[in-house]
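First the structure, in the form of structure tokens, and then the observations on it.
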């Protein structure tokens, strides 16, 4: 399944008697909130089995640092909600899974998993 602009592709199949859905999303730089809402709703309706999600969501959580223009076209309430969700989920993850090693690599891997988990759950 794909959208008319080719910004997402979803494929569903079976590997060793397990059902998987593979999804790739490339979000636009503008009107991000509407695009993500539509794409994630379509993904929710399409998904069966284990979801493997990849892509580029074009969300700069700290626009002054992460965006080349120093600002984001994503509405501020959307950015704040995403940042709050990421922070809360990371806090919960580390509360439930105290790390033996707190290296930057471990933190980054947990951060990537958290972001994927947030998107999968919505």
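Numbering (UniProt numbering), first residue to last: 1 to 122. Just so you know, even glycine gets a beta-carbon here, dropped at the ideal spot from N, CA and C.
Let's see if you can read the secondary structure: which residues bound the alpha helix (DSSP H) around residue i?
{"i": "residue 41", "result": "32-46"}
Return the CA-CA distance between residue i and residue j, expressed in angstroms with no decimal places.
{"i": "residue 76", "j": "residue 45", "result": "28 Å"}
{"i": "residue 25", "j": "residue 92", "result": "26 Å"}
{"i": "residue 49", "j": "residue 6", "result": "23 Å"}
{"i": "residue 69", "j": "residue 18", "result": "44 Å"}
{"i": "residue 56", "j": "residue 96", "result": "28 Å"}
{"i": "residue 13", "j": "residue 2", "result": "15 Å"}
{"i": "residue 34", "j": "residue 79", "result": "13 Å"}
{"i": "residue 83", "j": "residue 36", "result": "15 Å"}
{"i": "residue 16", "j": "residue 28", "result": "35 Å"}
{"i": "residue 87", "j": "residue 4", "result": "34 Å"}
{"i": "residue 21", "j": "residue 38", "result": "18 Å"}
{"i": "residue 23", "j": "residue 41", "result": "13 Å"}
{"i": "residue 73", "j": "residue 31", "result": "7 Å"}
{"i": "residue 71", "j": "residue 43", "result": "29 Å"}
{"i": "residue 81", "j": "residue 52", "result": "23 Å"}
{"i": "residue 64", "j": "residue 8", "result": "28 Å"}
{"i": "residue 59", "j": "residue 85", "result": "13 Å"}
Looking at the secondary structure, which residues open and close the beta strand (DSSP E) in which residue i lies?
{"i": "residue 24", "result": "18-26"}
{"i": "residue 57", "result": "Taken as a continuous stretch (DSSP letters only), residue 57 belongs to no beta strand (DSSP E), as it is neither H nor E."}
{"i": "residue 13", "result": "8-15"}
Helix or strand or just coil, what does DSSP make of residue i?
{"i": "residue 2", "result": "strand"}
{"i": "residue 80", "result": "helix"}
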